[in-house]
Structure formats: structure tokens, C-alpha cells
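Single-structure report; data block below.
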Amino acid sequence: MSKVLVYIADGMEEVECLAVVDMLRRGGAEVRMASVNGKEEVTGAHGIRVGADCLLADSDPDSADMLFLPGGMPGTKYLRESEEVCAALKAASASGKHLAAICAAPSVLGQLHLLEGKKATCYPGFEDQLLGAEYCSDGVVTDGAVTTARGVGFAVDLGLELVRVLLGEEKSVEIREAIQHP
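This is the structure in C-alpha cells:
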């Protein structure tokens with residue numbers, strides 16, 4: 002079974018997180034949401050409270066096949082400020098694990114130089130933080146072991162792409178049809 006670790010923080014875009022988590026769980030992936038704020042509940046950018054599956058200290062990024070960063074502000078800022086998150090992202094990248102981020106969060110990957118030589122996308126205004134990447138305006142972009150997405154309007158598409166990456170095209174199409182996504 003594919004394992005995905007999602008880092009969540011106060012101020013994240015709730016739909017960007019939960020739509021992706023939903024698609025991955027529908028596909029059969031084991032998904033754990035780890036709070037980087039030291040509490041079991043985070044409050045999203047729009048006041049929606051989301052329960053974490055674990056705290057950052059109890060997460061196990063080494064056992065994950067993929068690490069995912071939802072966007073939103075100041076959630077993205079908290080992810081970037083977490084030494085543990087940044088170390089896990091670097092280690093995952095070095096070992097060839099898949100990284101994914103949406104909206105403002107690809108900037109974290111860029112600032113860590115994990116997008117060098119890759120095509121990537123992000124929320125408008127964060128392009129200059131995709132250090133070493135070739136920016137493209139597509140809604141969802143997968144280049145090697147990195148998938149990025151522009152924003153909340155592409156959250157379901159990102160989730161379906163991550164299902165495709167981890168669990169195969171057939172599973173992604175099956176979910177797309179079940180949820181009646183065009």
C-alpha cells in the first residue's frame with residue numbers, strides 16, 4: 002500500500018488539503034496528516050478546523066512514499082519555517098521519493114532547491130520562488146518525482162494526478178468516473 006504524509010499547518014487552504022487527501026484515500030493510499038503546529042487540530046485559512054492524524058514529532062517521513070504540502074497563507078510560511086519538514090523534504094528528494102505541493106507551497110520546494118531543472122507551477126506571484134525550475138502555467142505539472150499545482154481550483158485534479166502517480170492510471174480513471182469529474 003502506498004503511504005502519503007501530508008504536512009498541515011494553521012492557515013493552510015482547507016480544500017487544497019482535503020480534496021487531495023480524499024482522492025488519495027479513495028484510491029487506497031494510506032494517508033496521514035501531520036500537524037506542524039504542535040497541536041492535534043489546525044485551523045485553516047478560512048476558519049475550518051481540521052484534525053491531524055498525528056503531530057509532526059510522531060510522523061514517520063521515512064516510511065512514506067510521498068510527501069505533500071497544501072498551500073495557503075500563512076500555512077505555507079509555517080511549513081517553510083519547520084526545520085523538521087524541510088529536512089524530511091530534502092531526505093525524501095535525495096532518496097527519490099515523490100514530492101507534491103499546491104498553490105504557494107511549491108515555493109517551499111523551490112527555496113530548498115528541490116525543483117532544479119524541473120517544470121513546475123504555483124499560485125501566481127510565487128513564480129520567483131521556484132528556484133531553478135522552469136515555470137509553466139498548467140494547472141497540474143508532474144516532472145519526475147515532483148508534482149505541483151496552481152491552486153484550489155486544481156485540487157481535485159492534483160489528487161487524481163497523485164493517485165495516477167502512486168496507484169496507476171486505471172485507479173485514477175476509476176475515481177474520476179465515480180466522482181463524475183470531467
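Mind the numbering: the sequence shown is residues 2 to 183 in my numbering, read in order. Even for Gly, the Cβ is constructed at its ideal location relative to N, Cα and C. Just so you know, these numbers come straight off a predicted model, no measurement behind them.
Contact check between the stretch 12-26 and the stretch 69-77: three or more CB pairs, one atom from each, fall below 8 angstroms, which counts as touching. Taking C-beta separations shorter than 7 angstroms and ignoring five residues to either side along the sequence, the partners of residue 166 in its chain run 99, 143, 148, following chain order. In chain order, 14, 16, 17 place their CB closer than 6 angstroms to the CB of residue 153, counting only its own chain and leaving out the 5 sequence neighbours on each side.
The stretch 29-37 makes contact with the stretch 55-69; the number of CB pairs closer than 8 angstroms reaches 3 or more.
By the beta-carbon neighbour count (other beta carbons within 10 angstroms, threshold 16), residue 176 is buried. Annotation for residue 23: the continuous alpha helix (DSSP H) segment containing it runs 15-28.
Between residue 90 and residue 116, the gap from beta carbon to beta carbon reaches 8 angstroms or more.
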